[in-house]
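**Student:** The following block contains the structure, expressed as structure tokens.
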Amino acid sequence: MNNLDNFDKFSFSRFMMLAKREIISSKNIFLMELAVVAGLIIIAEFFISWSALPSLNDVKEYPSCYYSDSTCVSIIFVLGIWGFAFLANIAASLVCLKLSNKKGRITTFMTVGTQGEKYLLNFLIYDVFFVLYFFTVWLLVDLVRVIYVDMVYPFEGKWVLFYAIDQWNWMVALGTIALFLFSQAFYTLVSAFSPKLAFLKAFGLSYAVGFLLIPYSFFCSVVLIDKSFSGESNVIVIMASSVMIIYAIAMQLLAYYRYKETDII
Amino acid sequence: MIECNNLTFSYRKATPILKEFNLTLENGGIYGLLGKNGAGKSTLLYLMCGLLTPAAGEVLVNGVNVRRRLPSTLRDIFLVPEEFDLPSITLEDYCRINAPFYPDFSMEALKRNLETFEMPEKIHLGYLSMGQKKKAYMCFALACNTPILIMDEPTNGLDITSKVQFRRFLAAQMNENRIILISTHQVHDVELLLDHIVIVDNRQLLLNRKTSEITSRLRFFNTLGAPDTDDPRLLYSARGVGGFANIARREDPLDEETDLNLESLYELCCRNPKLVENIFNPDNTSEHEQLG
Numbered sequence: 004m005n006n007l008d009n010f011d012k013f014s015f016s017r018f019m020m021l022a023k024r025e026i027i028s029s030k031n032i033f034l035m036e037l038a039v040v041a042g043l044i045i046i047a048e049f050f051i052s053w054s055a056l057p058s059l060n061d062v063k064e065y066p067s068c069y070y071s072d073s074t075c076v077s078i079i080f081v082l083g084i085w086g087f088a089f090l091a092n093i094a095a096s097l098v099c100l101k102l103s104n105k106k107g108r109i110t111t112f113m114t115v116g117t118q119g120e121k122y123l124l125n126f127l128i129y130d131v132f133f134v135l136y137f138f139t140v141w142l143l144v145d146l147v148r149v150i151y152v153d154m155v156y157p158f159e160g161k162w163v164l165f166y167a168i169d170q171w172n173w174m175v176a177l178g179t180i181a182l183f184l185f186s187q188a189f190y191t192l193v194s195a196f197s198p199k200l201a202f203l204k205a206f207g208l209s210y211a212v213g214f215l216l217i218p219y220s221f222f223c224s225v226v227l228i229d230k231s232f233s234g235e236s237n238v239i240v241i242m243a244s245s246v247m248i249i250y251a252i253a254m255q256l257l258a259y260y261r262y263k264e265t266d267i268i
Numbered sequence: 034m035i036e037c038n039n040l041t042f043s044y045r046k047a048t049p050i051l052k053e054f055n056l057t058l059e060n061g062g063i064y065g066l067l068g069k070n071g072a073g074k075s076t077l078l079y080l081m082c083g084l085l086t087p088a089a090g091e092v093l094v095n096g097v098n099v100r101r102r103l104p105s106t107l108r109d110i111f112l113v114p115e116e117f118d119l120p121s122i123t124l125e126d127y128c129r130i131n132a133p134f135y136p137d138f139s140m141e142a143l144k145r146n147l148e149t150f151e152m153p154e155k156i157h158l159g160y161l162s163m164g165q166k167k168k169a170y171m172c173f174a175l176a177c178n179t180p181i182l183i184m185d186e187p188t189n190g191l192d193i194t195s196k197v198q199f200r201r202f203l204a205a206q207m208n209e210n211r212i213i214l215i216s217t218h219q220v221h222d223v224e225l226l227l228d229h230i231v232i233v234d235n236r237q238l239l240l241n242r243k244t245s246e247i248t249s250r251l252r253f254f255n256t257l258g259a260p261d262t263d264d265p266r267l268l269y270s271a272r273g274v275g276g277f278a279n280i281a282r283r284e285d286p287l288d289e290e291t292d293l294n295l296e297s298l299y300e301l302c303c304r305n306p307k308l309v310e311n312i313f314n315p316d317n318t319s320e321h322e323q324l325g
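Okay, here's the thing in structure tokens:
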């Protein structure tokens, strides 16, 4: 800390101090966001389970539970990815939210830390902390579902975590990560240039262009559920993923440059 | 030390607010930055904090360009803007998460400052009025002990008692390594506190002098009736409540030194900047530091 040259470089301890500061000073907002995430997951799982699970009175008439079908579990898995991507994009659109007014810009730019630390801070909170939280809540909620299904249909319920691990392959992982990085970079970029209502703007723009929703829909709905690619399809996924990751890096760099060069007026 | 070197700044396509502006603020002074609305006071403060990018020139804080927004520069500057947001947490939590960024932060100083403002230590920032928030924020700002403290209209929103307390606690915090820069319209709130006066108006830096130098060259006095206008030493006279406020040259060092009247000085600088320049810089009247 005494060496000024080192002080002006990225410091992990200061980065964590900034994260602590951000979380404590915005704890009400974060708690609300966490509650909303948990609520959405519970509601989604509840409706899926409700529609897929026969009533208790009909057990004898429906000995084969839809829910033990791998396709139904896939739907939960895909919805989980969708939900997470949606939340990640909301988070990305909030990256530069504090720059939307003069007071916020003054507070942000006068905070002691490198510009990189301040920029990455939001990703630490939303991409690391929120990812862990999202999947933890999702798995816990699904565990409740599995316990319930097991009570009604012993040995039929499947926990999505295990199912996901069973079904996972590198192409799915690469494609998911590439799509995630690409869409998040896009929402971040919109946030950097126009922090107010960035999510709506980015969503509207991406919807209008269709370049995010169409491949997402295709990937999630067809590829993940049908698992219909192999061989040549792998090459396409690798190429498409590489292009998306390169674009994502370019958009993040542009967003960071914009963030760094923003003035308060 | 803060150095503004050939600073030029304008808002988008507008006429430059600052043009080739030069100003140096030395350590160990409480500077008062005075000027009309739109004269560029707040802009200058923001430039000094690296919050704006000049079109040309630079602001150096201890030799480092402040626009780079380096952590080592940011930890040396504390800005109290005219309007600010505080999180809805306790002051204790606020200090816990913010104080580590300022190595010279002193909890004792914070307690002392709060005491001066007659505020309790255990307060929740979310439940305070605007004036109380300002006091709490200023207490924290002072307790950070940054070498540079910049305050934009610090007495706005403070009641009369608090203004007196503000002067008291600011004076107590001053030391020879520190620069305190106060931008204000409310000159009476701070005139006894300042030891340097910086006046900007009509795009010019009209004055940048120590108060001791000002009072050694000018005499500020009030008269009930109109003063003798034939007196060649008389520079300024204006009718006020209960008489006239006047400024005259203090040519004889044996003349009694008077208290500074900032309002009159400001008016004199705005009305006759050349004359003021001639008084303080008789050998070099052509060198006029321009403000846009």
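Chains as they are written, first to last, in my numbering: chain U, 4 to 268; chain S, 34 to 325.
All residues carry an ideal CB built from backbone N, CA and C; glycine is no exception.
On a predicted model such as this, the values are computed, not experimentally measured, just so you know.
Going along the chain, which residues of the region 102-113 of chain S sit with their C-beta nearer than 9 Å to a C-beta in chain U?
**Tutor:** Residues R102, L103, P104, S105, T106, L107, R108, I110, F111 and L112.
**Student:** Quick one: grab the DSSP three-state call for N208/S.
**Tutor:** Counted from its first residue, the second sequence places residue 208/S at position 175. Note: N208/S maps to coil in three-state DSSP.
**Student:** What residues of chain U sit near S121/S, judged by a beta carbon separation below 7 Å?
**Tutor:** Taking the first residue of the second sequence as position 1, residue 121/S is located at position 88. Here the neighbours are N31.
**Student:** What residue from V309/S, L80/S and R108/S has the CA that sits closest to N181/S's CA?
**Tutor:** Residue 181/S sits at position 148 when you count from the first residue of the second sequence. What sits at residue 181/S in the sequence shown is Ile, not Asn. With distances taken between Cα atoms, I181/S lies closest to R108/S.
**Student:** Given that T86/S touches chain U, what residues does it touch there, using C-beta distances under 7 Å?
**Tutor:** On the second sequence, residue 86/S is found 53 positions in, with the first residue counted as 1. In chain order: D266.
**Student:** R148/U CB to nearest chain S CB: under 8 Å?
**Tutor:** Residue numbering aside, residue 148/U sits at position 145 when the first sequence is read from its first letter. False, the Cβ-Cβ gap to chain S never drops below 8 Å.
**Student:** Starting from F54/S and walking both ways along the beta strand (DSSP E), at which residues does that stretch end?
**Tutor:** Position 21 of the second sequence holds residue 54/S. Run containing F54/S: L51 to L58, per the beta strand (DSSP E) assignment.
**Student:** Could you pull the start and end residues of the beta strand (DSSP E) that S270/S belongs to?
**Tutor:** Taking the second sequence and counting its residues from 1, one reaches residue 270/S at position 237. Unbroken beta strand (DSSP E) run through S270/S: L267 to G273.
**Student:** Is it buried or exposed for Y122/U, if we count other Cβ within 10 angstroms and need 16 for buried?
**Tutor:** For this step, residue 122/U is matched to residue 119 along the first sequence. Buried: at least 16 other Cβ atoms inside 10 Å.
**Student:** By the criterion of Cβ-Cβ separation under 7 Å, what are the contact partners of C82/S in chain U?
**Tutor:** Counted from its first residue, the second sequence places residue 82/S at position 49. Those within 7 Å of C82/S in chain U are M113.
**Student:** Since I believe A281/S is in contact with L268/S (beta carbons under 8 Å), could you give me their beta-carbon distance rounded to a whole number of angstroms?
**Tutor:** For the purposes of this step, residue 268/S is identified with residue 235 of the second sequence, where counting begins at 1. For the purposes of this step, residue 281/S is identified with residue 248 of the second sequence, where counting begins at 1. Contact flag correct, Cβ pair sits at about 6 Å.
**Student:** Cβ of K106/U within 8 Å of Cβ of E116/S?
**Tutor:** One-based indexing of the first sequence puts residue 106/U at position 103. One-based indexing of the second sequence puts residue 116/S at position 83. For K106/U and E116/S, yes; Cβs fall inside 8 Å.
**Student:** Evaluate E289/S with the Cβ neighbour count: other Cβ atoms within 10 Å of its Cβ, from every protein chain shown; 16 or more gives buried, anything less gives exposed.
**Tutor:** Stepping through the second sequence from its first residue, residue 289/S is reached at position 256. It counts as exposed.
**Student:** Within the same chain, show all residues whose beta-carbon is closer than 6 Å to that of I109/U, passing over the 5 residues directly before and after it, in chain order.
**Tutor:** Sequence index remark: in the first sequence, residue 109/U carries index 106 (1-based). Result list for I109/U: I267, in chain order.
**Student:** Could you tell me whether the Cβ of F18/U comes closer than 8 Å to any Cβ of chain S?
**Tutor:** Within the first sequence, the letter at position 15 stands for residue 18/U. Taking Cβ atoms only, chain S never reaches closer than 8 Å to F18/U, which makes this a no.
**Student:** Have a look at the DSSP bridge pairing and note the partners of L67/S.
**Tutor:** Here residue 67/S corresponds to residue number 34 of the second sequence, with the count starting at 1. L67/S is bridged to I232/S.
**Student:** Buried or exposed for E120/U, going by 16 or more other Cβ atoms inside 10 Å?
**Tutor:** Walking along the first sequence from the start, residue 120/U turns up at place 117. The residue in question, E120/U, is buried, as its Cβ has 16 or more Cβ neighbours within 10 Å.
**Student:** Might you give, ordered along the chain, the residues of its own chain that have their beta carbon closer than 6 Å to the beta carbon of N241/S, omitting 5 neighbours on each side?
**Tutor:** Reading the second sequence from its first residue, position 208 is the one you call residue 241/S. Around N241/S: V231.
**Student:** From F42/S, I63/S, Y160/S and V99/S, pick the residue whose C-alpha is nearest to that of L124/S; which is it?
**Tutor:** As a position in the second sequence, residue 124/S is number 91, starting the count at 1. If we check each option's Cα against that of L124/S, Y160/S comes out closest.
**Student:** Out of G65/S, A259/S and E284/S, point me to the one whose CA is closest to S216/S's CA.
**Tutor:** By 1-based counting over the second sequence, the position of residue 216/S is 183. Comparing Cα-Cα distances from S216/S to each of G65/S, A259/S and E284/S, the minimum goes to G65/S.
**Student:** Cutting at 6 Å between CB atoms, please list the residues of its own chain near Y177/U, excluding the five before and the five after it.
**Tutor:** Along the first sequence, read from residue 1 onward, the residue named residue 177/U stands at position 174. The identity of residue 177/U in the sequence shown is Leu, whereas the question assumes Tyr. Cβ within range, chain order: S244.
**Student:** Residues of chain S with a CB under 7 Å from the CB of F10/U: which are they?
**Tutor:** What you label residue 10/U is simply residue 7 of the first sequence in a count that begins at 1. Here the neighbours are P104 and S105.
**Student:** Taking S121/S as the reference, which of R201/S, N255/S, H157/S and L225/S has the closest Cα?
**Tutor:** Your numbering for residue 121/S matches position 88 in the second sequence. The shortest C-alpha separation from S121/S is found at H157/S.
**Student:** Which chain U residues sit within Cβ distance under 7 Å of E116/S?
**Tutor:** Counting from one through the second sequence, the residue named residue 116/S turns up at place 83. Neighbours of E116/S on chain U, chain order: K106.
**Student:** The beta strand (DSSP E) spanning C37/S covers which residue range?
**Tutor:** Position 4 of the second sequence, counting from 1, holds the residue named residue 37/S. Looking at the DSSP string, the run of the beta strand (DSSP E) that includes C37/S is I35 to F42.
**Student:** Does DSSP classify F199/S as helix, strand or coil?
**Tutor:** By 1-based counting over the second sequence, the position of residue 199/S is 166. Helix at F199/S.
**Student:** For I110/S and C82/S, which I take to be in contact (beta-carbon distance under 8 Å), what is that distance rounded to the nearest angstrom?
**Tutor:** Residue 110/S sits at position 77 when you count from the first residue of the second sequence. Residue 82/S sits at position 49 when you count from the first residue of the second sequence. Correct: roughly 6 Å between the Cβ atoms.
**Student:** Any C-beta of chain U within less than 9 Å: which residues of the region 120-150 of chain S qualify?
**Tutor:** Against chain U - using a Cβ distance shorter than 9 Å - the residues of the region 120-150 of chain S are P120, S121, I122, D126, Y127, R129, I130, N131, P133, F134, Y135 and P136.
**Student:** Under the assumption that P104/S contacts L40/S (Cβ atoms under 8 Å), give the Cβ distance between them as a whole number of angstroms.
**Tutor:** Here residue 104/S corresponds to residue number 71 of the second sequence, with the count starting at 1. Here residue 40/S corresponds to residue number 7 of the second sequence, with the count starting at 1. Actually they do not touch by this definition, with Cβ atoms about 23 Å apart.
**Student:** Which partner residues does A400/S have in the DSSP bridge list?
**Tutor:** Residue 400/S lies beyond the stretch modelled for chain S, which goes from 34 to 325, so this question has no answer here.
**Student:** Is T179/U near V98/U, with beta carbons less than 8 Å apart?
**Tutor:** Position 176 of the first sequence, counted from the start, is the residue given in the question as residue 179/U. Position 95 of the first sequence, counted from the start, is the residue given in the question as residue 98/U. Not in contact: T179/U and V98/U (Cβ atoms no closer than 8 Å).
**Student:** Three-state secondary structure (DSSP) at I193/S?
**Tutor:** For this step, residue 193/S is matched to residue 160 along the second sequence. In the structure shown, I193/S sits in a helix (DSSP, three-state: H, G or I).
**Student:** On the DSSP bridge assignment, give the partners of V97/S in chain order.
**Tutor:** Residue numbering aside, residue 97/S sits at position 64 when the second sequence is read from its first letter. Its beta-bridge partners are V94/S.
**Student:** Give the single residue among I248/U, S197/U, D145/U and D130/U whose Cα lies nearest to the Cα of L100/U.
**Tutor:** Residue 100/U sits at position 97 when you count from the first residue of the first sequence. The shortest C-alpha separation from L100/U is found at S197/U.
**Student:** Can you give me, in chain order, the residues of the region 80-97 of chain U that have a beta carbon less than 8 Å from any beta carbon in chain S?
**Tutor:** Of all residues in the region 80-97 of chain U, none has a Cβ within less than 8 Å of some Cβ in chain S.
**Student:** Go ahead and label D261/S buried or exposed: buried means 16 or more other beta carbons lie within 10 angstroms of its beta carbon, across all protein chains shown.
**Tutor:** Within the second sequence, the letter at position 228 stands for residue 261/S. So D261/S counts as exposed.
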